[in-house]
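The listed protein sequences correspond, in order, to chains A, B, C and D.
To get the working numbering, take the position in the first sequence, counting from 1, and add 6.
To get the working numbering, take the position in the second sequence, counting from 1, and add 6.
To get the working numbering, take the position in the third sequence, counting from 1, and add 6.
To get the working numbering, take the position in the fourth sequence, counting from 1, and add 6.
First comes the structure, then the notes that go with it.
4 protein chains.
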Amino acid sequence: MPGNSFGERFRVTTFGESHGAGLGVVIDGCPAGLVLDLGAVDADLARRRPGTGKLVSPRKEPDAFEVVSGLFEGRTLGTPLTFLFRNADADASAYEPLRDLYRPSHADYTTEARFGVRDWRGGGRASARETVGRVAAGAVARQILADQGVEVVAWVDRVGDEASTVDEGEVTRSAVDATEVRCPDRDAAARMDALIREVRAEGDTVGGTVRCVARGVPAGLGEPVFDKLEARLAAGLLSLPAARGFEVGSGYAGTRMRGSAHNDAFVNVDGAIRTRTNHSGGIQGGISNGMPIVLSVAFKPVATIFKPQDTVDRQGRPAVIQPRGRHDPCVLPRAVPMVEAMVCLVLADALLGRAPRR
Amino acid sequence: MPGNSFGERFRVTTFGESHGAGLGVVIDGCPAGLVLDLGAVDADLARRRPGTGKLVSPRKEPDAFEVVSGLFEGRTLGTPLTFLFRNADADASAYEPLRDLYRPSHADYTTEARFGVRDWRGGGRASARETVGRVAAGAVARQILADQGVEVVAWVDRVGDEASTVDEGEVTRSAVDATEVRCPDRDAAARMDALIREVRAEGDTVGGTVRCVARGVPAGLGEPVFDKLEARLAAGLLSLPAARGFEVGSGYAGTRMRGSAHNDAFVNVDGAIRTRTNHSGGIQGGISNGMPIVLSVAFKPVATIFKPQDTVDRQGRPAVIQPRGRHDPCVLPRAVPMVEAMVCLVLADALLGRAPRR
Amino acid sequence: MPGNSFGERFRVTTFGESHGAGLGVVIDGCPAGLVLDLGAVDADLARRRPGTGKLVSPRKEPDAFEVVSGLFEGRTLGTPLTFLFRNADADASAYEPLRDLYRPSHADYTTEARFGVRDWRGGGRASARETVGRVAAGAVARQILADQGVEVVAWVDRVGDEASTVDEGEVTRSAVDATEVRCPDRDAAARMDALIREVRAEGDTVGGTVRCVARGVPAGLGEPVFDKLEARLAAGLLSLPAARGFEVGSGYAGTRMRGSAHNDAFVNVDGAIRTRTNHSGGIQGGISNGMPIVLSVAFKPVATIFKPQDTVDRQGRPAVIQPRGRHDPCVLPRAVPMVEAMVCLVLADALLGRAPRR
Amino acid sequence: MPGNSFGERFRVTTFGESHGAGLGVVIDGCPAGLVLDLGAVDADLARRRPGTGKLVSPRKEPDAFEVVSGLFEGRTLGTPLTFLFRNADADASAYEPLRDLYRPSHADYTTEARFGVRDWRGGGRASARETVGRVAAGAVARQILADQGVEVVAWVDRVGDEASTVDEGEVTRSAVDATEVRCPDRDAAARMDALIREVRAEGDTVGGTVRCVARGVPAGLGEPVFDKLEARLAAGLLSLPAARGFEVGSGYAGTRMRGSAHNDAFVNVDGAIRTRTNHSGGIQGGISNGMPIVLSVAFKPVATIFKPQDTVDRQGRPAVIQPRGRHDPCVLPRAVPMVEAMVCLVLADALLGRAPRR
């Protein structure tokens, strides 16, 4: 089965290679009559864009998009909503020497194992460039969620060993965007910033984690037993480039707790059923319980480093590779809008697909 | 969208509540002509069954199954293959006092939020009993995989803070099953065993992690960009009861590494392309690379404890709950066959659904 | 992709061979809280059952069903609703001589071409017996539709050349069931009855058409451009055994009309927008318009005849076949509940899956 | 569920409104490594294009397309293959007077009933212009089929009462294209041509039927019980604008036959199993049997006529409509490539999705 679509009711299909004519996304199932805020789409895209700060890849991607279909007089028609992005700055010459080599921990070898052919000019579909369509679609999903009082905020939680402390109940997007590294804990952000500069100076890269909270999600979203809300979130987030782990609620740390400490007691807060703690991360039995949904995603260090590495070529002959070109020493700051986009897509899909009760 | 099916090509649909007439699974897309080893299905089911050891829930579930359809003269017909399990030992009286209470960190409240009604006799679909169909289907998938040389082995990696050291390349099912706790590191197993007994004596529960390796997976499985192999695995594993986290390859630990240390150099081993290390966990760019697939799953402590807990009833009035009945102090040993089953389902689906090349 | 499921939101999966242990259906996505009228399910099943009249196959099928899951205290739980039917009267000895022969215009040869194996004891999944699960699921769908004021009535429109005249706006189920042949035009019914008896006496079979009307369908159902309501109806109805054609509205006859005569003028009837004529059959641009949905299905003559026929065996050697056993000379009367079931399934799916508007 | 995708393995998603910025199609699941013949795509598009003959709508649509993604150095990458069409000649002023009126037997009213909003500049998604993406995708599917020896040819079978006689085993595309009306029976073509001119002179329109044959389809395609090959074909063909009926094999005519005359005797032809007659139309039990697949589609008369018609406006007030602009008096000649495209899409999907046997 082809794998370029995500979601059932709010269904996105992305297309395009990093160095082809263009990329884009078709959203099928966007509700009709939505007054689309294209400026908000642009703002989300700007956060994903490389080359806007000192910490990330200097590739110039204007990310100007065209709405090809689905929008009329400012409102969605309920028909497929299509965003098209042109690849402007797509000089492939830097990739020419890599044409027959498999870059370590990239998708070059596996793409050939799977498809037999490969667009060697960059990462093709495996490039982070592919996420441009996800972020655009996520921005549309975010507008649908905002109408229902749902707010999604992600931030860089840790870079390498530099960890932050952030209040999930209070964190705001403006606090996240106040630092270039997108960590609202200013002290931690400074340490992360320093680490990324150090790593870049070494021609190396570093990984880390993004945390995300969704506040205002109504109780009752999720479709047991296989489309539990955390299963859908995990699928969406592990589909991001470089994602290697996922946690919801207490995650791995919670596995070290006793049940008596981990259980979230129910309490009545002004007539609403809430839990005293939120180790469940807002999801119990695969269904949202009305508490904030909290999750984390692990991102491995970027595979493109500026040091010589052993590899083989297409004929299996040993070779040494030394990448050149434009790359991030750390994907984390740009991963923040990508994580938010996938969470928005999952939640909008769940919200719109909510089964009717009799 | 209803959520009780999993997989595209090898598609399983489970049905049944923990205390209803029965449960089961329909497998649509099982290849025709497979000589089904029902003894192997039974063996996998026996590992999932509670009440077979000292460490786990004493509920008696014979798990005798009937093959209702899809099998003729010992071979699969290619038509839906249906396994039916009867609920024999389903005394619901222990649940009667809980009828109007929401057990903390169970699915009682969210099930009502989602559906408006609930079978209060046990966990309904949220019960671990539901996984009986998954394990049966996983056993069928395992036979398909074995034909292609793929082997899936999981084990208890950690209980609370008691961690093990296991060689992913060598670990075998018999080594796993040699200890009741299903940890092939005998020293660690003894410590885990002691911890579980201690926790049980306290009327409490404890969580942990399961690791799993799939060896012999051919390169080329996975469907970018949304149905990357790790995304499918994450979805399958996070759909298990009590699962709260997922890692592939180096996972969260890898996020602390530098790219230069993390990258897996390609090498030519007797004509086959392999990687020197396997931080990628056998998957690069969402596609298998022929190396062992390695993953972990975090399981929270079981929610049913034998201590009084605060909660509310259906009217939102404060209440105190003291569960009785039969329960596991630690789900980890029984989670091992569940993890294997989901991994088998994902891999068989990917293998059978492999796109034809021209 | 396996093909034993139908519907997106109200999703049915049927299983079982005609001469195996049993058959059934899992309904995933049935709304929770529905007070299920099992007597109504039984009544629909009785109409499908062979052996209840003089005109049809004398096979005894009690069709007693068990609700295995999804129902608690008389109400649906919103979880998979499973109906199980046992195969009681399943003597396969009549099929023994046909074991290696391909019966003309049956599915024997194609089943082997597709699957390599075949349950030679009857038609397997190609048997009309498979529709027992569809009719049960359709009866559940009918209850959901009835709640919304939607009524579905089918009847035998023509047998061979014996045609009827029936008022689609007025026809009722009781009028349909008043004759054994299920044609509410009594004169036509008598002619059809005579024709079927004549054909049976010859050891032959005859085909015909069923018409169906759905009244009370709200405007706005259907999902262009591929899941237009008529496309979903056509798919459902062509999936019935022996179905060879489908029409909606004016169908083939309408192709002979001029547009000026065919167009349905809009009129305002007491504040509701209606059309003066209904050549569109209640569907325009793939979306219901609030007028009665009218369709027909063509059923070929039953393939099992009691005359010698040329064929080949599994080795391709010429052979002569002379079927024995129990068979219908005309499937039309029993096709009426099957057609209604599929129409109910399509409409309930469309109704429950109705996209939310903003 | 949104409805703008078709197919499981070879999955097409169309987007775009008739008078928006553009339209297109994303094909997900096109096999990698296919040397795409873009000239053949263009040739199929040319047949669909209005304004190329005297009989059809004079709208100028150059249909120049851009391949935005999925193609590299002339070969498909196995990634989403995207065709984009710009809307050049999209003057909407002719639609201005119709802005608040519901054109009889168009999708105006139902689109508003479904979505609440509507692009009044033309038919939006209901326009035949939408099929441009289907035809492009169908041309790609046709190349995949041709590699396997499958050939798909459709023709105009009847216009109004003017019927043709065509040998399904021999008919070729060049014979079809030899007449402007696309009927290979020259006498019939002349009569059809005269009828269409007459109807146009009256400001009226007329319907008819298209027949289609697929030769060389291997035995074994189709997925009972719901995705039988004829069910998929019916769904695809009924999703075409103006389609109102579908037949496979003997269709409605076959319902008047006796089983003894209708059954297709199996014969051994040079070691291959064939049938003496082909009333089954190449499909038995929902699975192809290796004989030519034969089907027909009924197309109603075009709804746009040049005569005054009664209707209502958006407020339900009576109004009279008199369409102006560019329209076909008969859609049949242009429907030929549309029918072929949908048949190619269904067959390529079935061929690529063929389940592996053990």
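Even glycine gets a Cβ: it sits at the ideal position worked out from N, Cα and C.
The model shown is predicted, which means the values in this text are computed figures rather than measured ones.
In this structure, does DSSP put residue i in helix, strand or coil?
i, result
"A:I150", "helix"
"D:A94", "coil"
"C:L107", "strand"
"D:S266", "helix"
"C:S11", "strand"
"D:P298", "coil"
"A:I279", "strand"
"C:F312", "coil"
"C:E176", "coil"
"D:V205", "helix"
"B:R364", "With a pLDDT of only 44 at B:R364, under the threshold of 50, the placement of this residue in the model should not be trusted, and no figure is reported."
"A:F16", "coil"
"C:V303", "strand"
Applying a beta-carbon distance threshold of less than 7 Å, which residues of chain D neighbour residue i?
i, result
"A:D4", "Residue 4 of chain A lies beyond the residue range present for chain A, which begins at 7 and ends at 364; the question has no answer from this structure."
Using a C-beta to C-beta distance shorter than 7 Å, which residues of chain B count as neighbours of residue i?
i, result
"C:A131", "The sequence given here places Arg at residue 131 of chain C; Ala does not occur at that position. Here the neighbours are T85."
Does the Cβ-Cβ distance between residue i and residue j come in under 8 Å?
i, j, result
"C:P224", "C:A132", "no"
"A:R340", "A:R54", "yes"
"B:P38", "B:L77", "Looking at the sequence provided, one finds Ala at residue 38 of chain B rather than Pro. Taking 8 Å as the Cβ cut-off, B:A38 and B:L77 do not qualify as a contacting pair."
"D:G30", "D:F91", "yes"
"A:V376", "A:R188", "Residue 376 of chain A lies beyond the stretch modelled for chain A, which goes from 7 to 364, so this question has no answer here."
"D:M7", "C:G213", "no"
"D:V216", "D:V162", "yes"
"D:D34", "A:S11", "yes"
"B:D355", "A:G9", "no"
"D:D183", "D:K313", "no"
"D:S170", "D:R179", "no"
"C:R238", "C:E157", "no"
"C:F274", "D:P230", "Looking at the sequence provided, one finds Asn at residue 274 of chain C rather than Phe. Taking 8 Å as the Cβ cut-off, C:N274 and D:P230 do not qualify as a contacting pair."
"A:P110", "B:N269", "yes"
"C:A267", "D:G291", "no"
"D:L87", "D:L353", "no"
"A:L243", "A:V345", "yes"
Against residue i, what residues of chain D qualify as contacts under a CB-to-CB distance less than 9 Å, listed in chain order?
i, result
"A:V123", "A38, G39, F78, E79, R81, T82, L83, G84"
"C:E346", "Chain D residues near C:E346: none, gap ~17 Å exceeds 9 Å."
"C:Y108", "F272, I279"
Just the chain C side, please: which residues come within less than 9 Å of residue i by C-beta, in chain order?
i, result
"B:E72", "A27, G28"
So residue i contacts chain A; which residues on that side make the cut at Cβ distance below 9 Å?
i, result
"B:E23", "Chain A residues near B:E23: none, gap ~11 Å exceeds 9 Å."
"B:S205", "The question names Ser, but residue 205 of chain B in the sequence shown is Val. Those within 9 Å of B:V205 in chain A are R264, G265."
Kindly list, in the order they appear in chain D, the residues whose Cβ is closer than 8 Å to that of residue i.
i, result
"C:V290", "The identity of residue 290 of chain C in the sequence shown is Gln, whereas the question assumes Val. Neighbours of C:Q290 on chain D, chain order: S111, H112, A113, Y115, T116."
"C:N295", "Y115, T116, A119"
Please list the partners that residue i has in chain A, where partner means a Cβ-to-Cβ separation under 8 Å.
i, result
"D:R15", "M7, P8"
Interfacial residues, the region 316–328 of chain D to chain A, with Cβ spacing under 7 Å: From the region 316–328 of chain D, no residue has a Cβ closer than 7 Å to chain A.
Segment contact, 8 Å Cβ cut-off, at least three pairs: the region 10–24 of chain A with the region 131–151 of chain A: Short answer: they touch.
Members of the region 158–174 of chain A near chain B, C-beta cut-off 9 Å: Answer in chain order: R164, V165, G166, D167.
Where the region 268–280 of chain B meets chain E: residues whose CB sits under 9 Å from a CB there: No chain E appears in the structure shown, which is made up of the protein chains A, B, C and D.
Near-chain B residues of the region 244–259 of chain A - C-beta to any C-beta below 7 Å: If the cut-off is 7 Å between Cβ atoms, the region 244–259 of chain A has L244, S245, R250, G251, F252, E253, V254, G255, S256, G257, Y258 near chain B.
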